[in-house]
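Data block below; observations after.
Structural data, given as structure tokens:
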């Protein structure tokens, strides 16, 4: 890993300003970023990275990927980057970051580096937790200034200190405070953060919430029943949506509800998206898939039984 020390060009302390109006008179151009949109995948990745950190690690960092449109930055993806902090020195895995970025760009060329994330720094045992922005944040931010296209990276912090009943998310951009041409300090200006869910992310989150609230069956013999439950819940929700759409159409036809062209287009698009298959062909496809699923379930149960018998035989024979 490459080591960055405080002897770099900007060796200034980090200043935190939580009120964006307070820095409007200090610096920043008119086209600077003012809004940050974050997708749930990014937050889940940061939390997973934080929980899997090695013992003794104060915080974790990583690269943020997304798109910038004027004053708005949308963060859609991220990946972890190894690093180590000791005093005023920071070691960052530059080669690892370069390799991971190349792999991500091969899968999605529309994403670019828009900044970096960090979990909240953890204090030593018996000490108070440090602030969200610490001295080495300026060094890491300087590194990502060279990784972004516009040189204005976003710093996203997920507060994992659990000082409150919720995990807070904050985003910052950095400007350099100069006096007579000499860099005095790095000011981190807090930006507005908005969460945005795409349709696949919304479906996944609903499924995760439903799974966490439902009673989980740990009996292996009830595997088929637990597999059928998500399908049943999805079909019930689909049925309720179809009923609501049908009731709305009937009310418009009968003159009880004023027509809405936008809703009509959405219903039409939804109906056009349904594949047109003859009932007999659909029944055959469904039955074939069901038979395949039952065969896979049957074979998995046989394999599980054979493994259990083999373990008992080995234990009895002392193998």
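Numbering (UniProt numbering), first residue to last: 1 to 319. Positions of the beta carbon are idealized from the N, C-alpha and C atoms, including for glycine. Source: prediction; values computed, not measured.
Using the Cα positions of residue i and residue j, report the straight-line distance between them to the nearest angstrom.
i	j	result
residue 81	residue 61	6 angstroms
residue 85	residue 121	11 angstroms
residue 327	residue 189	The displayed coordinates of the chain run from 1 to 319. Any statement about residue 327 would go beyond what the structure contains.
residue 240	residue 281	26 angstroms
residue 63	residue 117	6 angstroms
residue 129	residue 159	With a pLDDT of 49 at residue 129, under the threshold of 50, the modelled position of this residue cannot be trusted; read the value that follows with caution. Distance between the alpha carbons of residue 129 and residue 159 is about 11 angstroms.
residue 97	residue 296	41 angstroms
residue 311	residue 300	17 angstroms
residue 87	residue 206	43 angstroms
residue 79	residue 95	14 angstroms
residue 373	residue 110	The requested residue 373 is not part of the displayed model; the chain covers only 1 to 319.
residue 100	residue 266	39 angstroms
residue 140	residue 53	18 angstroms
residue 274	residue 253	23 angstroms
residue 268	residue 59	50 angstroms
residue 70	residue 146	19 angstroms
Cβ of residue i within 8 angstroms of Cβ of residue j?
i	j	result
residue 321	residue 33	This structure cannot speak to residue 321, because the chain is shown only from 1 to 319.
residue 36	residue 75	yes
residue 38	residue 209	no
residue 50	residue 77	no
residue 137	residue 46	no
residue 41	residue 164	no
residue 169	residue 43	yes
On the criterion of 16 or more Cβ atoms from any shown chain inside 10 Å, does residue i qualify as buried, or is it exposed?
i	result
residue 304	exposed
residue 276	exposed
residue 313	exposed
residue 175	buried
residue 235	exposed
residue 186	buried
residue 115	buried
residue 107	exposed
Looking only at its chain, what residues have a beta carbon closer than 6 angstroms to the beta carbon of residue i, apart from the 5 residues adjacent to it on each side?
i	result
residue 21	Model confidence at residue 21 stands at a pLDDT of 39, short of 50, so the residue's coordinates are unreliable and nothing is read from them.
residue 308	none
residue 317	none
If I follow the unbroken beta strand (DSSP E) through residue i, where does it start and stop?
i	result
residue 177	169-179
residue 137	Taken as a continuous stretch (DSSP letters only), residue 137 belongs to no beta strand (DSSP E), being part of the alpha helix (DSSP H) at 135-145.
residue 69	61-69
residue 102	Not the beta strand (DSSP E): residue 102 falls in the alpha helix (DSSP H), residues 94-107.
residue 74	72-81
residue 119	112-119
residue 132	No beta strand (DSSP E) holds residue 132; DSSP gives it neither H nor E.
residue 158	154-158
Taking 8 angstroms as the threshold (beta carbon to beta carbon), is residue i in contact with chain D?
i	result
residue 71	Any reference to chain D falls outside this structure, which holds one protein chain only.
What residue range does the alpha helix (DSSP H) around residue i cover?
i	result
residue 316	279-317
residue 261	261-273
residue 45	40-51
Residues in its own chain within less than 7 angstroms of residue i by CB, not counting five upstream and five downstream?
i	result
residue 149	112
residue 251	257
Given residue i, which residues of its chain have a CB within under 8 angstroms of its CB, disregarding the five upstream and five downstream residues?
i	result
residue 178	184
residue 339	One cannot answer for residue 339 here, as it falls past the ends of the chain, which runs 1 to 319.
residue 237	none
Cβ of residue i within 7 angstroms of any heavy atom in the ligand PLP?
i	result
residue 296	In the structure shown, the ligand PLP is absent, as is every other ligand, since no ligand is present at all.
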